[in-house]
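Those letters in the sequence shown? Residues 36 to 227, by my numbering. Cβ atoms here follow ideal geometry from the backbone N, Cα and C, with glycine treated the same way. All of these numbers come straight from a predicted model, not from anything done at the bench.
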Amino acid sequence: MPPASKASRFFEQADQREVALCQAINRAVQFRPARGYFRLVSRLGDGWFWYALILLVPFLHPMKGPGLALLMALTGLTCTLTYKLLKRWLIRERPFISFPAINCATPPLDRYSFPSGHTLHAVCFQVMLTLALPGLALMVLPFTLSVAASRVILGLHYPSDVAAGALIGGLMGYAAMQILYADWALKFASAL
């Protein structure tokens, strides 16, 4: 049996276990301003917030920033490739597609759900910032948490999609920092 059909059966069972929680979270935030906040966070999490942050980091921290910004950009591209390949291979429908009672509050960027690419990027960058610039990371943390929450609140992902995105993103961010950052930071600092 090919992996996609095994994954499909696994996700069908997981969807049934998670649908009640997914619906409860989706219905819990009906207050218009709150839903508007999560729509905005989701839109910024499409990449706009991260692009701006990557461009600002070298100016905010001239010694560590240039190397970190370049590494964040390259790791972000790797994250995009990773989640797109996983989504294409694993093929899990979004909750609002499988369960029409779940309200989709904003249009998705693509069709499939697993893992959450928004959460994967947010946690990856959060880990990288935490390891390089903890003060800045603390300021970004509420946004990262809001991005992760928005995915379920807006009906775009199951909680397990968000958890998987967080795990994969965290590991990718940590690996990038452990493998590459120390060397890059030294090279950029000596070049200045």
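Extent of the continuous alpha helix (DSSP H) to which residue i belongs
i              : result
lysine 99      : Counting along the chain, lysine 99 falls outside any alpha helix (DSSP H), and DSSP gives it neither H nor E.
methionine 212 : No alpha helix (DSSP H) holds methionine 212; DSSP gives it neither H nor E.
cysteine 159   : 152-167
Sheet register partners of residue i (DSSP bridge)
i            : result
tyrosine 147 : Glu128
Residue i (DSSP reduced to helix, strand or coil)
i            : result
valine 182   : helix
cysteine 239 : Beyond the ends of the chain as shown, which are 36 and 227, falls residue 239; an answer cannot be given.
alanine 69   : helix
arginine 189 : Note that residue 189 corresponds to leucine in the displayed sequence, not to arginine. If DSSP states are grouped into helix, strand and coil, leucine 189 belongs with coil.
proline 135  : coil
proline 194  : helix
valine 64    : coil
alanine 87   : helix
Buried versus exposed, by CB contacts within 10 Å (16 or more), residue i
i                 : result
arginine 80       : Sequence check: residue 80 is glycine here, not arginine. By the neighbour-count rule (16 or more Cβ atoms within 10 Å), glycine 80 is buried.
phenylalanine 149 : buried
leucine 83        : The sequence shown places tryptophan at residue 83, not leucine. Tryptophan 83 should be labelled exposed.
methionine 98     : exposed
glutamine 48      : exposed
Anticipated Cβ contact below 8 Å, residue i with residue j, distance rounded
i              : j                : result
methionine 174 : threonine 113    : Methionine 174 to threonine 113, Cβ: 25 Å. No contact.
glycine 100    : cysteine 159     : The pair is not a contact, with the Cβ atoms about 17 Å apart (cut-off 8 Å).
serine 242     : phenylalanine 73 : The first residue shown for the chain is 36 and the last is 227, placing residue 242 beyond what the model contains.
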